[in-house]
Structures are given as structure tokens and as C-alpha cells.
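Novice: So in our numbering, the last one in the sequence shown is 622, and the numbering has no gaps at all.
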Amino acid sequence: MRELSTTVLIVGGTTGGVAAAISCLRLGVACVIAEQTDWLGGQLTSQGVPPDENAWIETVGGTATYQSLRSAVRARAMARGARARVVEPFGAFNPGGGWVSRCCAEPADFAALLHGALLRSAAPGVNGPMPMVPTDQTWVPGGELDASLLRAEFFLSPMGAVLSADGARIEAVEFRDRRTGDRVLIRAKFVLDASDCGDVLALAGVEHALGAEHQSVYNELHGRTDFDASRKIDPMDQQACSWCFALEHRPGENHVVPVPDDYAFWRAYSPGVAGAQTREPTMEPPWTGPLFSWTVPSHNPEGRRTFRMVPWPDTPGLGPNGTEELEMWRYRRIVDGSIWPARADGTPSPDVSLINMVQMDYWIKPLLRPRMHGVDDSALAGARRQSLAFLHWMQTEAPRHDTRPTPGYPGLRLRGEELGTQDGFAKSPYIREPRRLIARTIVTEAHVGTDQRRAAGADRDAAWSATPYGTAHPFADSVGIGHYAIDLHPSCAGRNNVYVPCAPFRVPLGSLIPVRVWNLIAAGKCLGVTHVTNGAYRMHHVEWNVGESAGALAAMCDASGAEPSQVHEDPMRTEDLQRLLASLGVRLSWPWE
Numbered sequence: 030m031r032e033l034s035t036t037v038l039i040v041g042g043t044t045g046g047v048a049a050a051i052s053c054l055r056l057g058v059a060c061v062i063a064e065q066t067d068w069l070g071g072q073l074t075s076q077g078v079p080p081d082e083n084a085w086i087e088t089v090g091g092t093a094t095y096q097s098l099r100s101a102v103r104a105r106a107m108a109r110g111a112r113a114r115v116v117e118p119f120g121a122f123n124p125g126g127g128w129v130s131r132c133c134a135e136p137a138d139f140a141a142l143l144h145g146a147l148l149r150s151a152a153p154g155v156n157g158p159m160p161m162v163p164t165d166q167t168w169v170p171g172g173e174l175d176a177s178l179l180r181a182e183f184f185l186s187p188m189g190a191v192l193s194a195d196g197a198r199i200e201a202v203e204f205r206d207r208r209t210g211d212r213v214l215i216r217a218k219f220v221l222d223a224s225d226c227g228d229v230l231a232l233a234g235v236e237h238a239l240g241a242e243h244q245s246v247y248n249e250l251h252g253r254t255d256f257d258a259s260r261k262i263d264p265m266d267q268q269a270c271s272w273c274f275a276l277e278h279r280p281g282e283n284h285v286v287p288v289p290d291d292y293a294f295w296r297a298y299s300p301g302v303a304g305a306q307t308r309e310p311t312m313e314p315p316w317t318g319p320l321f322s323w324t325v326p327s328h329n330p331e332g333r334r335t336f337r338m339v340p341w342p343d344t345p346g347l348g349p350n351g352t353e354e355l356e357m358w359r360y361r362r363i364v365d366g367s368i369w370p371a372r373a374d375g376t377p378s379p380d381v382s383l384i385n386m387v388q389m390d391y392w393i394k395p396l397l398r399p400r401m402h403g404v405d406d407s408a409l410a411g412a413r414r415q416s417l418a419f420l421h422w423m424q425t426e427a428p429r430h431d432t433r434p435t436p437g438y439p440g441l442r443l444r445g446e447e448l449g450t451q452d453g454f455a456k457s458p459y460i461r462e463p464r465r466l467i468a469r470t471i472v473t474e475a476h477v478g479t480d481q482r483r484a485a486g487a488d489r490d491a492a493w494s495a496t497p498y499g500t501a502h503p504f505a506d507s508v509g510i511g512h513y514a515i516d517l518h519p520s521c522a523g524r525n526n527v528y529v530p531c532a533p534f535r536v537p538l539g540s541l542i543p544v545r546v547w548n549l550i551a552a553g554k555c556l557g558v559t560h561v562t563n564g565a566y567r568m569h570h571v572e573w574n575v576g577e578s579a580g581a582l583a584a585m586c587d588a589s590g591a592e593p594s595q596v597h598e599d600p601m602r603t604e605d606l607q608r609l610l611a612s613l614g615v616r617l618s619w620p621w622e
């Protein structure tokens with residue numbers, strides 16, 4: 030067994046894990062990142078998910094480092110030859126031109142910048158190759174980092190934890206090298222769980238929640254009421270995961286993938302629809318018809334909405350309000366071919382669309398199980414097969430946007446260059462909901478949900494009308510901010526999607542700290558939220574903020590000798606942390622609060 034020792038161990042080189050490492054390096058603290066793939070960045074990179082963000086992200090809606098990363102991605106695209114143009118309604122250069130975000134861009138560009146910032150002088154500590162697109166475009170997140178303090182360990186899966194005699198401290202985490210099967214033990218003073226599944230929580234027996242709470246647990250407006258309250262939580266009610274992939278379109282060519290083994294099921298699957306082919310779980314309320322369709326559930330008065338797909342080189346028409354039609358090719362497009370010069374042979378630069386649609390949300394099996402660490406590999410395989418089936422449907426049976434008599438787009442071709450893969454699929458699945466820490470503070474819908482707060486009289490607050498979503502609970506121990514709707518994708522318990530307004534919120538320090546284990550800090554999506562509020566706190570910019578603040582907390586505790594819980598319990602120490610975070614560019618409140 031190979032053994033390492035460090036001050037801060039960051040389990041998961043995710044969006045939050047990278048931000049945590051940046052804080053550690055800015056504050057001069059040694060750390061090790063243990064990542065399961067060969068790319069750092071998580072949602073932004075290895076999972077291939079363009080960032081879903083808030084309306085204020087260009088100004089006051091994120092941390093300084095996160096905003097500077099977005100600026101660096103834009104600058105990198107221009108340095109590589111893109112002809113920058115402003116794409117309305119975003120009012121900023123959007124490299125991919127996707128309409129889901131103001132900064133749709135290639136995951137490879139995000140990865141190159143993150144690796145460059147963290148690992149420029151840390152190569153001797155890297156185990157294994159890190160394929161990366163060469164670039165002269167560097168990114169310095171808030172000052173030059175002492176990357177010699179960082180060791181990045183790739184292809185490591187967490188397998189166990191070594192605890193102190195009283196179980197109140199994690200002394201080390203054990204990993205398995207995914208390539209060789211060898212064991213690696215990493216000892217640390219502080220352990221940050223930045224994994225997508227809350228792996229350390231399960232391995233170390235840290236108190237956590239899995240699934241959806243009954244409404245009676247936290248009195249949440251959108252909490253579940255359809256199971257016995259004595260159960261308190263339904264562990265099956267986990268949001269669907271998705272295995273994303275990238276496509277280009279080559280009209281006139283045939284790139285149809287072989288018929289997947291379970292394609293017959295998926296093309297006929299109409300979740301919850303009476304008389305349709307079913308497989309557990311069904312869906313309540315029922316779907317809008319077949320899952321594989323351009324028509325999907327919506328929260329508009331009709332309960333459904335149809336989004337066509339208009340792949341390159343055709344362009345969408347105008348919507349009812351005179352703006353460009355919102356269609357699915359440009360939904361998460363990551364390469365806008367029109368802003369790039371032609372190839373050397375004179376052919377146009379390709380358009381590339383990142384496919385992450387609700388039609389490929391996998392809810393047949395939950396990824397996570399009670400009393401089990403890691404994920405259910407059969408669920409991962411099922412998610413990948415569903416995505417492949419959806420691609421085959423798009424290539425062969427999808428209704429077209431034009432007058433061509435035969436359905437489907439056979440010219441859709443899997444493309445891996447932007448994802449760092451050979452097969453066009455992301456390196457890892459997009460996991461929306463992890464195990465969630467039972468923290469000293471649990472953020473509930475009563476703290477952030479617009480509708481629930483209005484019902485409780487919060488709309489009488491003077492600042493309520495400052496935003497269309499009202500205001501959230503003003504946590505005094507704030508270590509960051511964020512905003513997104515409460516967006517719950519369909520779940521493995523057969524609950525259809527939930528999409529309700531959420532107020533611009535704060536991230537309380539107490540949500541990062543366990544009730545018992547003193548040297549563990551949540552550094553990503555596994556912080557202390559409920560199933561409902563995870564729908565807002567799981568977004569890229571929030572995960573980054575959580576990781577950045579967790580890294581700073583670990584560095585402060587290392588310097589002062591305090592435990593994270595002692596910082597939380599002492600208002601003066603909390604204020605010291607908040608001053609440190611403010612100096613790093615972490616916003617602690619919204620301007621109107």
C-alpha cells in the first residue's frame with residue numbers, strides 16, 4: 030500500500046474540490062486532491078455540463094475567482110482564434126452560444142485553465158498522464174498559486190476511512206487506483222468531502238441523509254406527503270442522473286449508432302401514462318406521452334412544452350415574442366461554428382452541441398443505496414445505455430424541423446474532442462444529488478423558497494421586492510451566496526419534476542460542518558441541505574463557492590489551531606473567517622440585503 034500525508038485532503042477533484050484547493054494554495058496550506066478521472070473540474074469538465082447560473086452572475090452573483098474563470102474561458106476562446114461577438118440576451122461573449130448559460134464553452138477549455146492554474150509547478154506530484162489542450166492562455170485565480178503545495182492524485186476511488194478511537198476524527202482515507210487496483214492511504218489533518226456522492230460521509234459513518242424527507246421532518250412546502258411519516262425519508266427518491274455526450278451534425282452522412290439492446294423499451298416508454306408500456310418506477314404526475322419526444326412536461330398552464338431541434342447548418346426561426354426560437358441544438362451548444370475560422374481544407378468549423386436533456390434522465394434505479402458506499406454500477410451502465418438509446422432515436426426516429434419525408438438525423442455524430450474522450454461521452458455521469466450531511470445547520474425550503482417564505486409573511490420585509498424571487502433567510506454566519514430555482518429532476522421514486530422559485534440565498538457556515546466529526550468539512554454538493562433545497566444549491570457557482578469557503582476554513586483552522594465547529598460556535602471566530610473570505614473575493618450577502 031502506498032501512503033501519503035498532507036494537511037488537507039480533498040476527496041473529489043470536482044467543481045467544489047478545485048475551488049477548495051485554490052483557497053488552500055492561496056493561503057499557503059498543503060493539500061492533496063484525490064480524483065476518480067484524469068480531469069479536474071467535475072460539472073464544468075469531466076461531466077460535460079455547461080454552467081447553470083443566476084441572473085447576476087456577471088456582477089454580484091458569484092465569487093471573484095469563479096467570475097474570473099468565466100472571463101478566462103472567454104479569453105482563451107479568443108486566443109485560440111474565435112471571433113468574439115456578443116450574443117443577446119446575455120450581453121456578453123458566449124463562446125458556445127448556448128442559451129442555457131451566459132458562458133457555454135468547451136469542457137476542455139475549462140479543464141485546461143483549471144489544470145494550468147493548479148498544476149503548472151506540481152507535475153512531480155501528479156500520478157499519471159493528464160491529456161490537455163495546449164494553450165498560452167493562463168488563468169491566475171486571485172494571485173499566483175504556490176502549486177508546489179499541491180499533489181494531484183488521479184484515477185483514485187475512495188474505499189474506506191480510518192477513524193480515531195472515539196470515531197470523532199477521520200485520520201485517513203483509503204483509495205483504490207482504478208487502473209492498477211493498488212491501494213493508496215492518504216492521512217490528513219482535515220478532510221474535505223468534495224465528491225459528487227458524499228463518499229466520505231458513507232465511508233466514515235458520518236451522519237447524513239439519502240433521499241427525500243417527509244414533509245413533517247422540516248415542514249417544507251414541497252416535501253413529500255405520500256408515504257408514512259414515521260419513515261421520515263424515502264431513500265429511493267433521488268434525482269435522476271444523466272450521462273452527457275457531445276454531437277456535431279454532418280448532413281448527408283450516416284453516423285447512426287447500432288441499435289442499443291434495450292432500445293425497444295426506451296422508444297415505447299411513456300412514464301405513468303395509462304395503458305402505456307411501464308417499468309418501475311412509473312411517474313406521478315404522468316409524463317406528456319412517450320419519453321423520447323420533443324414534447325416534455327412544463328410548469329406552464331398547458332403542463333407541456335415542445336422544443337424542436339434545428340441542428341447546424343440550419344438556423345432556428347423566431348419565437349412568439351420575436352426572439353430566436355429556443356430549440357434543443359442551441360440549448361447547450363458548446364462550439365458555435367460561426368465564430369471560428371474554416372478548417373485547413375476549407376470546410377466550415379463544426380457546431381458542437383452538448384446533449385443533456387430530460388429525455389435522458391435516468392431514474393430506473395437509484396445510484397446510491399443505504400449502508401453502501403460508492404454507486405450502483407448497474408445504474409451507471411443503465412444511464413449510459415439510455416443516453417445511447419436517445420441518440421439512436423434522434424438519428425433515426427426524431428421528428429425533423431424541415432420538410433424531409435424521413436424522420437431522424439443520421440448525420441448526428443458523436444464527438445469527443447471537447448470532452449477529452451474517444452467515444453463522445455463525458456468522462457463521468459452528471460450526478461445531481463449526493464448523500465447530504467446532517468450538518469449543524471440544515472438549509473430548508475422555509476429558508477429559501479419564495480412561495481413558502483411569502484406564505485410565512487417574509488414578503489413584508491423591506492427588501493422583498495428587490496428581486497422577482499423575494500429574499501431568503503439572512504444567515505449571520507454566511508460564507509457565500511447563490512441563486513437558482515428549486516429544480517428537482519424526476520426521481521427514482523416516480524416523482525415527476527419540481528421547478529419552483531427560490532430567493533437569492535446565503536450559504537451558512539453551519540451547513541458545512543458535521544454535528545460530531547470535528548475535522549470533516551463539506552466542500553461541494555454534500556453540504557447540509559434537504560432533498561428540496563439541493564435543487565438550488567447543487568449548481569456550479571454554488572458548489573464552487575462552497576468549496577472555496579471550505580478550503581479557506583480548513584486553512585484558517587490549521588493556522589489558528591481551532592476546530593471547524595469552534596469557528597462556528599464562536600461569533601468572533603466566524604467574523605474572522607468572514608473577513609478572510611471577503612479578502613479572497615467571496616461575497617457573503619446580496620447588495621439589497
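Backbone N, C-alpha and C fix where the C-beta goes; we use that ideal spot for every residue, glycine too.
Where in the region 461-527 do unbroken runs of the alpha helix (DSSP H), each at least 4 residues long, occur, reported from the N-terminal end onward?
Specialist: The qualifying runs are 474-477 and 479-484.
Novice: Rounded to the nearest angstrom, what separates Asp343 and Ile39 at their Cα positions?
Specialist: Counting from one through the sequence shown, the residue named residue 343 turns up at place 314. Counting from one through the sequence shown, the residue named residue 39 turns up at place 10. Their Cα atoms are separated by approximately 45 Å.
Novice: Locate the beta strand (DSSP E) running through Leu214, then write down its first and last residues.
Specialist: Position 185 of the sequence shown, counted from the first residue, corresponds to residue 214. First-last of the beta strand (DSSP E) with Leu214: Arg212 to Asp222.
Novice: Are the beta-carbon atoms of Val61 and Ala233 separated by less than 9 Å?
Specialist: Here residue 61 is taken as the residue at index 32 of the sequence shown, counted from 1. Here residue 233 is taken as the residue at index 204 of the sequence shown, counted from 1. No, the pair does not count as a contact, with Cβ atoms beyond the cut-off.
Novice: Just the Cα atoms here: how many angstroms apart are Gly633 and Pro326?
Specialist: Residue 633 lies beyond the range of the chain shown here (30 to 622); nothing can be said about it.
Novice: Tell me which residues share the same chain as Pro7 and place their Cβ nearer than 8 Å to its Cβ, disregarding the 5 neighbours each side in the sequence.
Specialist: No answer is possible for residue 7: the residues shown for the chain start at 30 and end at 622.
Novice: Can you tell me whether His421 is helix, strand or coil according to DSSP?
Specialist: If you number the sequence shown from 1, residue 421 lands on position 392. In the structure shown, His421 sits in a helix (DSSP, three-state: H, G or I).
Novice: Name the two residues that bound the continuous alpha helix (DSSP H) containing Val544.
Specialist: Numbered from its first residue, the sequence shown carries residue 544 at position 515. No alpha helix (DSSP H) contains Val544, which DSSP labels as neither H nor E.
Novice: Using the three-state DSSP reduction, which class does Asp263 fall into: helix, strand or coil?
Specialist: In the sequence shown, residue 263 corresponds to position 234, counting from 1. Note: Asp263 maps to strand in three-state DSSP.
Novice: Quick one: what does DSSP say Ala201 is sitting in, helix, strand or coil?
Specialist: Along the sequence shown, one-based indexing puts residue 201 at 172. Note: Ala201 maps to strand in three-state DSSP.
Novice: Quick one: what's got a C-beta closer than 7 Å to Ser378's C-beta in the same chain, skipping five residues either side?
Specialist: Taking the first residue of the sequence shown as 1, we reach residue 378 at position 349. Only Gly366, Trp369, Pro370, Ala371 and Arg372 meet the Cβ criterion.
Novice: Take the Cβ of Pro124 as the centre, count every other Cβ of all protein chains shown within 10 Å, and call the residue buried at 16 or more, exposed below.
Specialist: Here the question's residue 124 lines up with position 95 in the sequence shown. By the 10 Å Cβ count, Pro124 comes out buried.
Novice: Measure the Cβ-Cβ separation of Ala49 and Gly580 and say whether it is below 9 Å.
Specialist: Translated into positions along the sequence shown, residue 49 becomes position 20. Translated into positions along the sequence shown, residue 580 becomes position 551. In contact: Ala49 and Gly580 (Cβ atoms closer than 9 Å).
Novice: Using DSSP's beta-bridge definition, name the partner residues of Tyr459.
Specialist: As a first step, residue 459 is located in the sequence shown; it is residue number 430 there, counting from the start. DSSP lists Ser271 as partners of Tyr459.
Novice: Rounded to a whole number of angstroms, what is the C-alpha to C-alpha distance between Pro533 and Cys273?
Specialist: As a working mapping, residue 533 is identified with position 504 in the sequence shown. As a working mapping, residue 273 is identified with position 244 in the sequence shown. When rounded, the distance between both Cα atoms is 28 Å.
Novice: Can you check which of these residues, Gly227, Ser193 and Ala231, is closest to Arg216 by C-alpha distance?
Specialist: Translated into positions along the sequence shown, residue 216 becomes position 187. Answer by Cα proximity: Ser193.
Novice: I need the straight-line Cα distance from Gly437 to Val387, nearest angstrom please.
Specialist: Numbered from its first residue, the sequence shown carries residue 437 at position 408. Numbered from its first residue, the sequence shown carries residue 387 at position 358. Cα to Cα, the separation comes out at about 19 Å.
Novice: Nearest to Asp599 by alpha carbon, out of Ala505, Tyr566, Ala59 and Ser520?
Specialist: Here residue 599 corresponds to residue number 570 of the sequence shown, with the count starting at 1. Measuring from the Cα of Asp599, the nearest candidate turns out to be Ala505.
Novice: Looking at the structure shown, is Phe534 part of a helix, part of a strand, or coil, going by DSSP?
Specialist: Looking up residue 534 in the sequence shown gives position 505. Reduced to three states, the DSSP call for Phe534 is strand.
Novice: Helix, strand or coil for Pro326 per DSSP?
Specialist: To locate residue 326, count along the sequence shown from 1; it is residue 297. Three-state DSSP puts Pro326 in a strand.
Novice: Give the straight-line distance between the Cα atoms of Thr376 and Thr66, rounded to the nearest whole angstrom.
Specialist: The residue labelled residue 376 in the question sits at position 347 within the sequence shown. The residue labelled residue 66 in the question sits at position 37 within the sequence shown. In a straight line, the C-alpha of Thr376 is about 34 Å away from that of Thr66.
Novice: Which stretch, first to last residue, makes up the alpha helix (DSSP H) that contains Cys60?
Specialist: Working through the sequence shown from its first residue, we reach residue 60 at position 31. Note, Cys60: premise wrong, no alpha helix (DSSP H); beta strand (DSSP E) at Cys60 to Ala63.
Novice: Whether or not the region 484-498 and the region 540-550 are in contact is what I'm after, with contact meaning three or more pairs of Cβ atoms, one per stretch, closer than 8 Å; do they touch?
Specialist: No, the region 540-550 is not in contact with the region 484-498.
Novice: Give the straight-line distance between the Cα atoms of Gly281 and Arg433, rounded to the nearest whole angstrom.
Specialist: Residue 281 sits at position 252 when you count from the first residue of the sequence shown. Residue 433 sits at position 404 when you count from the first residue of the sequence shown. Whole-angstrom Cα-Cα distance: 12 Å.
Novice: Measuring CA to CA, which of Glu277, Ser75 and Leu230 is closest to Arg400?
Specialist: One-based indexing of the sequence shown puts residue 400 at position 371. The candidate whose alpha carbon is nearest that of Arg400 is Leu230.
Novice: Run through DSSP, which three-state label would Val339 get?
Specialist: Within the sequence shown, the letter at position 310 stands for residue 339. Of the three classes helix, strand and coil, the one that applies to Val339 here is coil, per DSSP.
Novice: Using a Cβ-Cβ cut-off of 9 Å, state whether Trp392 counts as contacting chain C.
Specialist: Checking the listed chains, one finds no chain C in this structure; it contains a single protein chain.
Novice: Evaluate Val102 with the Cβ neighbour count: other Cβ atoms within 10 Å of its Cβ, from every protein chain shown; 16 or more gives buried, anything less gives exposed.
Specialist: Your numbering for residue 102 matches position 73 in the sequence shown. Buried.
Novice: What residue range is occupied by the uninterrupted beta strand (DSSP E) comprising Ala190?
Specialist: Taking the sequence shown and counting its residues from 1, one reaches residue 190 at position 161. Residues Leu185 to Leu192.
Novice: Does the pairing of the region 492-507 with the region 521-537 give three or more beta-carbon distances under 8 Å?
Specialist: Yes: the two stretches touch, three or more of their Cβ pairs being nearer than 8 Å.
Novice: To the nearest angstrom, how far is the alpha carbon of Phe219 from that of Gln481?
Specialist: Taking the first residue of the sequence shown as 1, we reach residue 219 at position 190. Taking the first residue of the sequence shown as 1, we reach residue 481 at position 452. If you take the alpha carbons of Phe219 and Gln481, they lie about 37 Å apart.
Novice: Which residues in the same chain as Glu3 place their Cβ atom closer than 7 Å to its Cβ, once the five residues preceding and following it in sequence are excluded?
Specialist: It is not possible to answer for residue 3, since the shown part of the chain is limited to 30 through 622.
Novice: In the DSSP output, what is Phe256 paired with across the bridge?
Specialist: In the sequence shown, counting from the first residue as 1, residue 256 sits at position 227. DSSP lists no partner for Phe256.
Novice: Have a look at Gly42 and Val561 and give me their C-alpha separation to the nearest angstrom.
Specialist: On the sequence shown, position 13 is the one that residue 42 refers to. On the sequence shown, position 532 is the one that residue 561 refers to. Between Gly42 and Val561, the C-alpha separation is close to 25 Å.
Novice: With 16 as the cutoff for other CB atoms within 10 Å, does Glu572 come out buried or exposed?
Specialist: One-based indexing of the sequence shown puts residue 572 at position 543. By the neighbour-count rule (16 or more Cβ atoms within 10 Å), Glu572 is buried.
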